[in-house]
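Below is one structure, written out as C-alpha cells; comments come after it.
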Amino acid sequence: MTAHAQELRQIAQKMVATGKGILAADESSGTIKKRFDSINTESSEQNRRDYREFLFRTTHAMKNHISGVILFDETLRQKAADGTSLCQVICDTGAIPGIKVDTGAKDLADSPGEKITEGLDGLRERFAEYHELGARFAKWRAVINIGPGIPTQHCLNANAHALARYAALAQEAGIVPIVEPEVIMDGDHDIDRCFDVTSAALKALFNALEEQNVMLEGVILKPNMVLSGSTCAVQASDEEIAEKTIQCFKENVPSAIPGIVFLSGGQSDKQATSRLNAMNKIADLPWKLSFSYGRALQAAPLKAWCGKVENVNSAQSAFAHRARMNGLAACGNWESSMETSS
Ligand code: 13P
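Heads up, the sequence shown stops at 327 in this note's numbering, and the numbers go up one at a time, no gaps.
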C-alpha cells in the first residue's frame, strides 16, 4: 500500500469536486501545431505560452469550474509574461496542475491496426521531478481502435498492464494517476459494439490495477463515452448514450474510484456537454461523473483567438462559457437554452 494514501485520496476528491472538471491542455507539440494550423497561427514557443496563459488566467471560470489542468512537459516549465510560472498561475486559481507522462501510442508488435502506449522507462525519476515542479496528478492514455477483428484481448491486456504500472509509479511519487483507456470513436460500428469493447477494456484495466496493488481511491478514470462509431449509419440519441454508458460503468467500475472524467474524443462541444448532463440526470451513481475535455473546451476559444492579441478577451469569454456549461452538466443542471447566452 502506498505511503501517500491520505494525500492521494484528498487530491483525487478535489479533482472531482462538485460542478468542476478538468481542462486537458496537454496537447503534444505535434497536436498543438495541428490546432494552431487550423487558425493560421504559428506554433512557436511564445504563442503556445500566450495561448495557454490566457486560458489559465480566465480567472472566474478557472476558480468555479476547473479543478485541474493537464499540462505537457513544456508548459509545466514555462513562465508567464510577468515571470510567474504557469504552474503557479494555475495554483493561484485554486486548480491543481497535472502532467501528461506517456510518450505516445506506437504500433503494437505484429498486430496491424493496434497500438501500445510507451513511456515507462525512467518514469520513476520523471515523476520525482514533476512532483518537484508542482504536478499533483498525471495522465496516461491508451488507444484502443475498433475494426474487423480488433481490438484483440492481447492489445487490451498489454495496454492495461502499462496503465497499471504507470499508476503504481505515480502513487509511489504522491501523484494521482488519471488512467485513460480511450476506445476511439472512428469507424462504422454500432453503439453495442462500443459497449462491448469499452466493457472489455475496463475489465482488463481493473484486473491489472489490482495486480499492481494500485489504490483505487487514489485513481481517476478518464474514459470514452459509449457511442455509435462516427460513421455508423445509425447514431444513438444522447439518452441512449447516457443509459448505455452508465450501464457499462456500473458493470465494470468499482465504487472505490472517486470519479470518472470523460474525454470528448471528437464530439462537438454541445454533444459533449449534453451527454454528460444526460448521464448526471440518472440517479444513484457511485462515483462523480465529470469532464476532462480538450477539444470540447478549447475549440471555441481557439477559433475566437485566431492568434491575435486583440481577440484574447472574446477567446476567454468563449472558454468561460464552455467551462460553465460543462460545470452545470457535471451536476445535471445544464439546459440547451443556456447555449444561446454566450
Ligand atoms: P479530447 O477531449 O479532445 O478528446 O482530449 C482529451 C484528452 O486529454 C485526450 O487524451
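Backbone N, C-alpha and C define an ideal beta-carbon position, used for all residues, glycine too.
Please read all numbers here as calculations on a predicted model, not as lab measurements.
Under 8 Å by Cβ, that's how I've got residue i and residue j pegged, so tell me the actual separation to the nearest angstrom.
i	j	result
Ser120	Pro82	It is Ala, not Ser, that sits at residue 120 in the sequence shown. Contact flag correct, Cβ pair sits at about 5 Å.
Ala281	Gln252	6 Å
Ile84	Leu61	6 Å
Asp87	Leu56	With 8 Å as the limit, Asp87 and Leu56 do not qualify as a contact, their Cβ atoms being about 13 Å apart.
Ala257	Glu224	With a Cβ gap of about 15 Å, Ala257 and Glu224 do not count as contacting.
Val199	Ala127	Not a contact, Cβ separation roughly 15 Å.
Asn49	Gly312	7 Å
Ala147	Leu93	Not a contact, Cβ separation roughly 11 Å.
Is it true that the CB of residue j sits closer than 8 Å to the CB of residue i?
i	j	result
Ser215	Asp269	no
Phe247	Ser277	yes
Leu206	Ile245	yes
Gly107	Leu(-7)	no
Leu194	Leu187	no
Lys229	Phe191	no
Lys91	Glu103	yes
Trp125	Val161	no
Val1	Ser275	yes
Ala143	Ile101	yes
By Cβ distance, which residues of its chain are closer than 7 Å to residue i, with the 5 residues on each side in sequence left out?
i	result
Lys(-1)	Ser52, Ile81
Val297	Phe39, Trp290
Lys255	Glu324
Ser249	Ala257, Tyr278, Gly279, Arg280, Ala281
Leu287	Arg20, Ile24
Ala65	Glu38, Leu71, Val74
Quick one: residues in its chain with C-beta nearer than 6 Å to the C-beta of residue i, no 5 flanking neighbours on either side, listed in chain order?
i	result
Thr183	Val168, Val211, Cys233
Gln63	Arg34, Leu71
Trp272	Ile242, Gly244, Ile245
Asn130	Gly98, Ile169
Glu320	none
Ala314	Thr258, Leu261, Asn262
Ala153	Gln197, Val199
Ala145	Ala189, Leu190, Ala193
Ser240	Pro271
Ser327	Any reading at Ser327 needs caution, since the residue's pLDDT is 48, under 50, leaving its predicted position unreliable; the model's value is listed next. Closer than 6 Å at Cβ, skipping near neighbours: His306.
Nearest CA to the CA of residue i: which residue from the options?
i	options	result
Gly134	Ala147, Gly98, Glu157, Phe112	Gly98
Leu218	Gln(-9), Asp173, Asn198, Asn25	Rather than Leu, the amino acid found at residue 218 in this sequence is Ala. Nearest C-alpha to Ala218: Asp173.
Asn237	Pro208, Arg109, Ala66, Glu224	Pro208
Ile7	Met47, Asn265, Ala66	Met47
Thr(-13)	Ala9, Ala155, Lys18	Ala155
Ala300	Gln31, Ile75, Arg42, Gln(-5)	Arg42
Cys178	Arg37, Arg309, Gln220, Gln31	In the sequence as presented, Cys is not what sits at residue 178; that position holds Arg. Ranking the options by Cα distance to Arg178, first place goes to Gln220.
Ser222	Ile176, Gly292, Ser96, Arg307	Ile176
Gln(-9)	Ser240, Ala308, Val204, Ala227	Val204
Gly292	Asn311, Ile101, Thr26	Thr26
Asp95	Lys18, Cys140, Gly89	Cys140
Ala308	Gly4, Pro239, Asn144	Gly4
His116	His(-11), Glu295, Asn265, Ala303	His(-11)
Glu295	Tyr36, Glu157, Asp77	Tyr36
Pro136	Ile17, Ala66, Pro166, Asp67	Pro166
Give me, in chain order, the residues of the same chain whose beta-carbon lies closer than 8 Å to that of residue i; leave out the 5 immediate sequence neighbours on both sides.
i	result
His45	Ala305
Gln138	Ala185, Ala189
Glu59	Ser14, Glu30, Arg33
Problem - Shell residues, 5 Å Cβ cut-off relative to heavy atoms of ligand 1 - result: Ala9, Arg126, Leu248, Ser249, Gly250, Tyr278, Gly279, Arg280
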